[in-house]
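These protein sequence lines are chains A and B, in that order. When we follow our numbering, the leftmost residue of the first sequence carries the number -15, and every step to the right adds one. When we follow our numbering, the leftmost residue of the second sequence carries the number -1, and every step to the right adds one. All C-beta atoms, glycine included, are put in the ideal place defined by N, C-alpha and C. Small disclaimer: the values here were computed from a predicted structure and weren't measured. What follows is a short report on a single structure.
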Amino acid sequence: MLRNVFTKTLWDARRSLLGWAVAISAVAAMYAAFWPTVNTPAMQQAMRNYPEGILEAFNYNDLTSPAGYLGSSVYGLLIPLLVAVLAIAWGTRAVAGDEEAGTLDLLLAHPVGRTRLALQRFAALGAALAVVAVVLWLAMLAIAGPAELEGITAAEFAAATTQLALFGACFGALAFAVGAATGRKALALGASAGVAVLAYLANGVFPQVEGLQWTRDLSPWHWYLGGEPLKNGLQAGDALLLLAVTAVLVVAGTWRFNRRDVAV
Amino acid sequence: MTEPVILTEGLVKHYGRSRGLAGLDLEVRRGEVYGFLGPNGAGKTTTIRLLLDLIRPTAGRATVLGADPRRDGLAVRRRVGYLAGDFVVDGRQTGWELLTFLGNLRGGVPRARIDELAGRLDLDPSRRIRTLSRGNRQKLGVVQAFMHAPELLVLDEPTSGLDPFLQQEFVDMVREARRAGQTTFMSSHVMSEVQQTADRVGIIREGRLVTVERVETLRERAVRKVEIHFDAPVAAQEFAALPGVGDLRVDGTVLRCRLAGRADPLVKVAARHTVVDLLSEEPDLEELFFDYYRNHGEEGSHAA
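Listed below in C-alpha cells is the structure:
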C-alpha cells in the first residue's frame, strides 16, 4: 500500500474512508427503513397538504412509490449532500491541503512529476467514491426486502448509486481543480461548497420562478437525479455529462498546477 | 575540470512582496561541501526551491547535475536528497510508513539501510510521527535525505531542531558523504552550522551572491565579540594595539572587545594573566557582510 501516491493516499485515509462509507450507508438504510411508515394513507395525505413548492425544494416530488420515496429522501438530499462533502474534502486535500500543510514540498522533491501526483491523488478520490458507492449499494440491497422496497432492481440501485458517485466526483473535481490551480484550501472549499449550494437551488428552487426553468439543466443535481435512475436505470447522457465535467475540471486543474509555483 | 553539480546564471525570482533573487550566479563543484550562508530572507530557500523545480525562475537559468530541473525534473530529483529545516509530514503515519513510501518513490531503499541510519540517529521509526518530538521528526528528515545515497544532498538549514549530539552525528554524516564522493549544498544563517563541514562558503544577501570564500579564509576574517574575565584588573593599553582587536573596553577585571580574524595574538597576551572565563560570540553574519563591503569599497576607491 506504500508503493505510490495513489495507494498511499487511500492507505492514509483508510479509517476515515471506512467511517464515511459506513455512516453514509447507515443513514441511507435508516431513511429507506421508514418507507413502510411513509407508505400509509394517513402519511400520504399529510404530505399532500404541504405546499408543492416546499416539497419540490426538498426533492420530494413523488412519495407514492418506493423509487419516488428513495429518490426524494435517500438519494435526493441527505446522501448526495454527504457524498458531496466527502468528495469536496478529498478534492481540497488532494493538492491545496497538502500544500498549505507544507507537506507537498517533500513529495515533489522526490522523482514524482506534478501531473502524476495530481492525477493519482484524484484517482484516489475516485476510488474512495467507488468504495462508498459499493457499500451503499450493498446496504440498499440488504434493506430493500425488510423495508418493502418492491419494484426496484439491483441494476436500478446500481444506476442511481453510480450517478451519485459521478455527482460526487464532479464536486470533488471542482475542489481539486481550484486547489490545484491556486494552492489555497479555503478557496477550494468555499468555491465548491458555494457551487454545490447554487446547483442545488438551480435544481429545486430557481425553476419555480417563471423564466428560470433553464437553470435546472445546468445543475449537476439535475444531471444526477433528473432522469430518475431508480425508475429508469442508468441515464447514459447524464452520466457522461457528469463524467465530462469532472474530466475537464481535473485536466484544467492539473494543467495549471504544472505551471505554477508551489507555495512555501 | 568536471562539470559543476549546481550552476546558476543570472537567476532571478520575483514574487509578491518578498525579495526573491536578484541575479544569482552560483557554482557548486562535484564532491565539495558548499555552505550557502545568508541572513533570513536573503533568498536561500528560494534558491533551493528553484533547484528542485518547486518554483520557476523569473529569469536566468539553473543546471543541476548537468540537467534542467524543469525539463528533466524526474531524472534530477532521482539523484538528489532534500531536507528542509522545518521537516513537516502527516503525523498520522509511522516513521516506517513514511520512509518506506518515500523510498519506493525512488524505486525502493533496502530496509537494512533505513535501519542503519535510524539506529545511528537513535530514532524509533515504528512510532507514529505525531508522537515524536521536533528533534525526532527532524531525524526522519535526515534519514530520508541520506537513505538513497544521492549524488547531491540539498540541505536547507538542516540542523535546526537537532540537539548538539545529533548535530555532531549529522556533521559526521556529511563528512562521510563527502568521502563517498557525494556533493552537499547546505544553507544556513549561522556560520557554525556550515563551518565544520564546508569546503567553500557562498554568502548571499538580498538575492545576490556577495562572495565565495574557502571556509578558513572566512573564519579568519570573521568579527566576533569577545569577553575575557581575569582574576585581577588588567590594563587596556596592553591589548589595544593587538591586530584585529577593536572597540576595546576594560572594566576592572573584565575585558570586552571585537575581534577580527585569528584569536591567537589576543589569547597569547591574555595568557600572561590568569583567565577565569572566556566568552566568544558566534561571528555575526551581518558584521561579515559589512566587513566585506568595507574592504570591497576600499579596493574600489584605490583602483579609481
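Residues of chain B with CB under 8 Å from residue i, in chain order?
i	result
residue 85 (chain A)	86 and 88
My understanding is that residue i touches residue j, with C-beta atoms under 8 Å, so please give their C-beta distance in whole angstroms.
i	j	result
residue 256 (chain B)	residue 244 (chain B)	5 Å
residue 56 (chain B)	residue 10 (chain B)	5 Å
residue 68 (chain B)	residue 54 (chain B)	7 Å
residue 206 (chain B)	residue 20 (chain B)	5 Å
residue 278 (chain B)	residue 224 (chain B)	5 Å
residue 175 (chain B)	residue 151 (chain B)	6 Å
residue 172 (chain A)	residue 76 (chain A)	4 Å
residue 58 (chain B)	residue 6 (chain B)	7 Å
residue 116 (chain A)	residue 67 (chain A)	7 Å
residue 131 (chain A)	residue 207 (chain A)	Not confirmed; about 27 Å, so no contact.
residue 200 (chain B)	residue 34 (chain B)	5 Å
residue 258 (chain B)	residue 219 (chain B)	7 Å
residue 109 (chain A)	residue 160 (chain A)	7 Å
residue 251 (chain B)	residue 237 (chain B)	The Cβ separation is near 13 Å, so there is no contact.
residue 87 (chain A)	residue 238 (chain A)	That belief does not hold up - the Cβ atoms of residue 87 (chain A) and residue 238 (chain A) are roughly 19 Å apart, past 8 Å.
Just to confirm the assignment, what range does the beta strand (DSSP E) spanning residue i have?
i	result
residue 124 (chain B)	Unbroken run through residue 124 (chain B): none, as it is neither H nor E.
residue 183 (chain B)	181 to 186
residue 6 (chain B)	4 to 11
residue 231 (chain A)	Taken as a continuous stretch (DSSP letters only), residue 231 (chain A) belongs to no beta strand (DSSP E), being part of the alpha helix (DSSP H) at 220 to 243.
residue 61 (chain B)	57 to 62
residue 275 (chain B)	273 to 278
residue 258 (chain B)	252 to 258
residue 152 (chain B)	150 to 154
residue 243 (chain B)	243 to 249
residue 198 (chain B)	198 to 203
Please check if any C-beta of chain B sits within less than 8 Å of the C-beta of residue i.
i	result
residue 93 (chain A)	yes
residue 215 (chain A)	no
residue -4 (chain A)	yes
residue 235 (chain A)	no
residue 2 (chain A)	no
Tell me, please, whether the CB atom of residue i is closer than 8 Å to any CB atom in chain A?
i	result
residue 226 (chain B)	no
residue 82 (chain B)	yes
residue 91 (chain B)	yes
residue 32 (chain B)	no
residue 299 (chain B)	Confidence at residue 299 (chain B) is low in this model, with a pLDDT of 36, below 50, so the placement of that residue should be treated as unreliable; the coordinate-derived value is given next. Residue 299 (chain B) does not count as touching chain A.
residue 6 (chain B)	no
Under 7 Å between beta-carbons, which chain B residues line up against residue i? List them in chain order, please.
i	result
residue -8 (chain A)	99
residue -14 (chain A)	95, 98, 99 and 102
residue 96 (chain A)	103
What does residue i touch in chain A if you count any residue whose Cβ is under 8 Å from its own?
i	result
residue 52 (chain B)	89, 92, 93, 245 and 246
Would you mind reading off the limits of the alpha helix (DSSP H) that contains residue i?
i	result
residue 160 (chain A)	138 to 166
residue 215 (chain B)	213 to 219
residue 11 (chain A)	-2 to 17
residue 69 (chain A)	63 to 76
residue 247 (chain A)	Unbroken run through residue 247 (chain A): none, as it is neither H nor E.
residue 176 (chain A)	169 to 188
residue 305 (chain B)	Nothing can be reported for residue 305 (chain B): it is not among the residues displayed for chain B, which extend from -1 to 302.
residue 202 (chain A)	Neither: residue 202 (chain A) is in no alpha helix (DSSP H) and is coded neither H nor E.
residue 313 (chain B)	With chain B covering -1 to 302 only, the question about residue 313 (chain B) has no answer from this structure.
residue 169 (chain B)	162 to 177
residue 59 (chain A)	No alpha helix (DSSP H) contains residue 59 (chain A), which DSSP labels as neither H nor E.
residue 134 (chain A)	Per DSSP, residue 134 (chain A) belongs to no alpha helix (DSSP H) and is neither H nor E.
- Output, in sequence order along the chain, the residues in the segment 46 to 78 of chain B whose CB is closer than 8 Å to any CB in chain C. Looking for chain C here will not work: the only protein chains present are A and B.
- What residue ranges within the segment 78 to 148 of chain B form continuous alpha helix (DSSP H) runs of no fewer than 4 residues, ordered along the chain? As summarised for the segment 78 to 148 of chain B, the continuous alpha helix (DSSP H) elements at least 4 residues long and confined to that stretch are 93 to 103, 109 to 118 and 132 to 144, given in chain order.
- Report the residue ranges of all alpha helix (DSSP H) runs contained in full by the segment 14 to 54 of chain B; include only those spanning at least 4 residues, in chain order. Listed in chain order, they are 42 to 49.
- Query: What are the complete alpha helix (DSSP H) segments, minimum 4 residues, inside the segment 87 to 126 of chain A?
  - Reply: Listed in chain order, they are 88 to 92.
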